[in-house]
Amino acid sequence: MWTHRGRQSVTTVVTNSSRRLVRSNRSIATPWRRYYASSNKGPEPSINSNWLRNSLGVAGAGTAAVFIYEYATSNRNPIEKPVEKVKDLAKSAEELSSQYVQHKRSVKSPGVYVWGNNAYRVVDPESKESVVKTPRKFAYFEGQVLRDLKLGERSGAAITENGDLVQWGKGYSETEFKPTKTLTGKNLASLCMSNDRILALSSDGNVYSLPIAKEDQLGGRKTKEGSWVPFRSGTSSISYRLLQPTLKLGERVTALASGLDHALLLTSSGRVFSVAASTENYPSFGQLGIPGLTWATRPKGPVDALHEITALKGSKIVQIAAGDYHSLALDKDGNVFAFGDNSFGQLAMEFNPSSPFCDTPTLVPIRNLYRGPWLPKATRVAAGGANSFFTVDAQRILSSKEDPATLRDLGRITADTWACGRGIWGALGTGKWTHVQDSLAKVKALSGLSEFDEKTNRLTPIRIHDLSVGTTHVSAVMNNSTHVDSAPSSTLNDTRDWGYDALWWGGNEHFQLGTGKRSNLSKPNYIHAPPEEADEQQEARLQIMPRHKGKVDRRTLSMEQRVLLKAVEDLLIPFIRSADEDPLAQQSLHNGTNGDSKPRGTALVEHKKPEELQKLLQLDFPDQGTGQDGLIEVLRKVLRYSVNTWHQGFLDKLYASTNAPGVASELILAALNTNVHVYQVSPALTVIEKHTGKQLASLFGLNGPRAGGISVQGGSASNTTSIVIARNNLYPSTKKDGNGNYRFVLFTSAHGHYSIEKAAQMLGLGSSSVWAVPIDKQGRMIPSELEALVQKALAENRTPFYVNATAGTTVLGSFDPFHEIAAICKKYNLWFHVDGSWGGSFIFSSSQRAKLSGAEKADSIAINPHKMLGVPVTCSFLLAADIRRFHLANTLPAGYLFHNDDTAAAAPDSLNGETELVVDSPEVWDLADLTLQCGRRADSLKLFLSWTYYGTAGYEQQIDSACAVAAHLATLVEQNPNFVLVSENPPPCLQVCFHYAPNRAYVHPRGLVSNETERGKANSKVTEQITHAIVGKGFMVDFAPPSGDEDAVGNGKFFRCVVNVQTTRETVEGLIRAIEEVGPGIVERLKRESAGEVSTRRLGERGHGPVVHH
């Protein structure tokens, strides 16, 4: 046992470093605007940032890992004196500045600096030196930003920026001890090391346990692996085990900690699990926290079975730590629980030789440390070897005999550090060489410190930012202010910057403290940064610089942005992958309850009622920002309770998931964050939009020199804009005077989109100005009915001016007869608009393009690539044969914004219709002059990049494939006796409409109820309840009421299933099976309720209909 205690690493690491030097030997302690004061002074604490939460991690025993920047100032070996006051702060800043001679390369590439014992090639695999006395760069990690890093005496392990595990050292391989990627493709986030195993936590909460040694990895049993990429399933390349604690819905593992033989797992719910984590020894010192658990009493099953520490159930644990043979747990209320070995007093309880360990979590007496009116609360725990550390915030409170009016320090907080355990090497930091320290001892050098905060203009306590504990030595990073000025900084070129203080202490036999000497240190001490040049003479103190820009692979970027974006990526990838891992929700299909209409949680959606979701999200805007941790927690909830449109079962709306180029384009637009209103601020994006619009127009046969298009915010916006353009072109006076005495009339089919009526309301025309044109049974506008309505409007002295024809109606997907409609519009001088928001994308398919024949005669065409083509929402275009009409209708003088040289363009007052279009008018490059809105996102880039990625032929293939799947679904429905097909076969577009009617008999057949409307309501319940029930089986479809066919009213609402370009034949086959599983039970129940005249209406019931939206 004792051999193991001393066997661990005596190496130290600092990662992601850059440097900055002071060219003066004079100490700059005095000019610093900082008080390292005793606990007699100090106001309320500032809120700590969690950006560097994992910056300093336990790496084996006695290693520190810092994932930020190195920062060097002039050397001051001793820690600051108790109080260092500054008389003139402004003057001191000038003095500080004058002492610096800046390097132009103040931020270097991130890297890893290591030093200490190299007997097993852990510190420097390339070197045969047995020890490395001072910090040295680790060549393999040059230019990398690591997620985590741990070192043992015999081996090292790290997680790269991409989430892969890298191992090295003779403990990994006696012959191939250089860094090697081992466990890859798991998107790992953190790791811990036991005596002979590595536990790694992935971003989605999976815990992998694998042997350290390469021989064991290759010789052990391999795990069968599935893959979200088709045809990629197989066997893992190395041996590992997946540790799976019994978790609640939505609960996940968030942190790991390990000793030599055991490990702890912390979940998002604050529960703690323990596990045996060594192949050689079973934990036998109570460190698992399970009373009475030993090798002899362990339950049947795997040795590495997980055990929930039930004694901690009443507390929500927020942090865990593990020493060689003991464990610590910190709860949200600041209480600390300790269990395991107490041979050196590391549990902060009196050492008892007859009972040297405790297997039950026991409360550490934190609250007994302070006498008088103080309220202590532990804020951090750390452990390593046989040592434990605790950071405590003690707040001054009011005693029963005190008057608050007489107290100046009421509410003040002092931040202290306490330690216990084995201090023979000085690792407790107390200045003493204690063999057994079984009561908490204050680390005075790290306690009661405060500094002047420029932002708040007051003293604030200095806490520990991170703490790493090894077997013999310890390292701490302080959370001191890193900038003198109250203004923020984004560069290291300011001489007034400094970083977090980093200190080391403890055993130094193998130069693990980085001092270049072998002397042990019993108090925290600074070390020198490595020289930037070989002949550099100046001594520079190593510090840590957060929140600044640095270079990675020759790219200058903000590390905070990089870490945040990576954290977001770590959530999004598993979210997308979850849809692909179970695309047909097979588990739900097999385990569903017949007739159960209650939605269950699947990879598609975890259904909650609005009131439930409000409580679960707990939305609030804090006074103080929560930083990255708060943002990620909110994002986690958003993803959990959102519909996953990447799922194959999402067949609900006229859009679905995007794709790789779509995600990339959204990221690019967010990074550019510009406005495509004037060319001056978005030159490249403006050219791309005009080019993309012109190419789209060309596909429709609009090939004139002035043909083109503009992007708008959606199909509704396209339709609204087209109405404004039509009115202002055909009746120019309305642009200035409004509708005046005109009694305008617009025409749209009875199945046209509701946005036409909404636009009429917005434009002051009113809903009554929109006349619905009757349709045939296939949902197509009847031209003769249109002409009759036009004549009726003229006879009533109204002004018909606009006809909206539809390419792919919302419900049935019908295409209106464009040639006949165009002829009527030309005859009566009406603006002809084609709403191709949905079906317009058929223009990419040579086999489907004929359905759009005649659309080339339109005055304007709307098309939404975000619907059928998988471009991210929103991406919509309004096209025209002559784009000058857009400018004529929408241009307004705004000299502060538009700087076109179009001096020859007609003034608004002189507009007299399309004859006023100037033939040689210049090109318009300020695109907001063509549209209704000024602020415009460059949505055209999304189509441009996707079109570039897939090509025209690629889009054609996708559309043709989707049409084939839609036809397959229609055939399945048509041939199944339990369904009634409403759509044509093949369907005109990608919607398939049908009823569920066992043996083609409706629950309420014709004649049973005299009122067809009431019969329709009764039959609609079948569709509505099945729609809700199949959500739990991984399918979402919509439903709609019959319209345009009086004979079908009594049949009620029908399913509307929307196939998209990624839908497979297996998906629609699974949909039919899911409906047939839940349908019989629902039908039977409705029949019983109908027979007993029992109302099934639920108060406040929500449905998807009857109006179906895009």
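Note that the UniProt record's numbering has the sequence shown beginning at 1, numbered continuously upward.
Even glycine gets a Cβ: it sits at the ideal position worked out from N, Cα and C.
Just so you know, these numbers come straight off a predicted model, no measurement behind them.
| Asked | Found |
| --- | --- |
| Under DSSP, the beta strand (DSSP E) around V392 begins and ends at which residues? | 387-396 |
| Are the Cβ atoms of A889 and K735 separated by less than 8 Å? | yes |
| So for F575, helix, strand or coil by DSSP? | helix |
| Whole angstroms is fine: what's the gap from S578's alpha carbon to T254's? | 19 Å |
| By the DSSP assignment, the alpha helix (DSSP H) with C963 in it spans what residues? | 940-975 |
| From S38 to P356, what distance separates their C-alpha atoms? | Annotation note: pLDDT 35 at S38 (below 50); position unreliable, coordinate value reported separately. Straight-line Cα distance between these residues: approximately 37 Å. |
| May I have the straight-line CA-CA distance separating P683 from V1078, to the nearest angstrom? | 56 Å |
| Please list the terminal residues of the continuous alpha helix (DSSP H) segment that includes D501. | Unbroken run through D501 is the beta strand (DSSP E), 500-506; no alpha helix (DSSP H). |
| What would DSSP say about T279, mapped onto helix, strand or coil? | coil |
| Going by DSSP in three states, D324 sits in which element: helix, strand or coil? | coil |
| Assess, as a yes-or-no matter, whether the segment 862-872 is touched by the segment 929-947 under the definition of 3 or more beta carbon pairs within less than 8 Å. | yes |
| Alpha carbons only, please: which of V1058, A1074, N985, E1046 is nearest the one belonging to A1029? | A1074 |
| Mind checking which residues open and close the beta strand (DSSP E) that includes Q437? | 434-442 |
| Using a Cβ cut-off of 8 Å (strictly closer), state whether Q680 contacts chain D. | The chain labelled as chain D is not found in the depicted structure, where only one protein chain is given. |
| With distances taken from CA atoms, which of I756, V773, Y742, A760 is nearest S749? | V773 |
| Measure the beta-carbon distance from A567 to P524 and round it to whole angstroms, keeping in mind my assumption that it falls under 8 Å. | With a Cβ gap of about 31 Å, A567 and P524 do not count as contacting. |
| Of the choices R458, S130, L467, V1061, whose alpha-carbon is the least far from that of F511? | S130 |
| Do L869 and Y955 come within 8 Å of each other at the CB atom, strictly closer than that value? | yes |
| Using DSSP bridges, identify the partner residues of C993. | R1056 |
| Touch check for the segment 982-990 and the segment 812-828: three-plus C-beta pairs under 8 Å? | yes |
| Apart from the five residues just before and just after D403, which ones in its own chain have a Cβ nearer than 6 Å to its Cβ? | none |
| Determine the direct distance from the alpha carbon of A805 to that of Y754, and round the result to whole angstroms. | 13 Å |
| Would you be able to state if there are at least three C-beta pairs under 8 Å between the segment 202-210 and the segment 233-252? | yes |
| How many Å lie between R136 and D324 at the Cα? | 28 Å |
| Between residue 1119 and L288, how many whole angstroms is the CB-CB distance? I'm expecting something under 8 Å. | Any answer about residue 1119 is impossible in this case: the structure gives the chain only from 1 up to 1110. |
| Here's a check: name, in chain order, each residue in its chain whose Cβ is nearer than 6 Å to the Cβ of A631, leaving out the five neighbours to either side. | Before going on, a small fix: residue 631 reads as Leu here, not Ala. Excluding positions up to five away in sequence, the list is empty. |
| Taking the alpha-carbon of L617 as reference, which of L639, Q628, Y140, T626 has the nearest alpha-carbon? | L639 |
| Along the chain, which unbroken stretches of the alpha helix (DSSP H) at least 4 residues long are found entirely within the segment 838-868? | 865-868 |
| Quick check: V1037 and F1054, are their CB atoms within less than 8 Å of each other? | no |
| Would you mind sorting T235 into buried or exposed? The rule is 16 or more other CB atoms within 10 Å of its CB. | exposed |
| Roughly how far, in whole angstroms, is the beta-carbon of A419 from the beta-carbon of F389, given that I think they are within contact range, below 8 Å? | 5 Å |
| Quick check on the burial criterion: 16 or more other C-beta atoms within 10 angstroms. Buried or exposed for F1035? | buried |
| Taking its Cβ as the centre, do 16 or more other Cβ atoms sit within 10 Å of S722, making it buried, or is it exposed? | buried |
| Applying the criterion that 16 or more other CB atoms from any shown protein chain within 10 Å of the CB defines a buried residue, is P762 buried or exposed? | Correcting the residue identity first, residue 762 is Met in this sequence and not Pro. It is exposed - the Cβ of M762 has fewer than 16 other Cβ atoms within 10 Å. |
| Suppose you measure from the CA of G163 to the CA of L347; what does that come to, to the nearest Å? | 35 Å |
| Suppose you measure from the CA of R380 to the CA of F339; what does that come to, to the nearest Å? | 17 Å |
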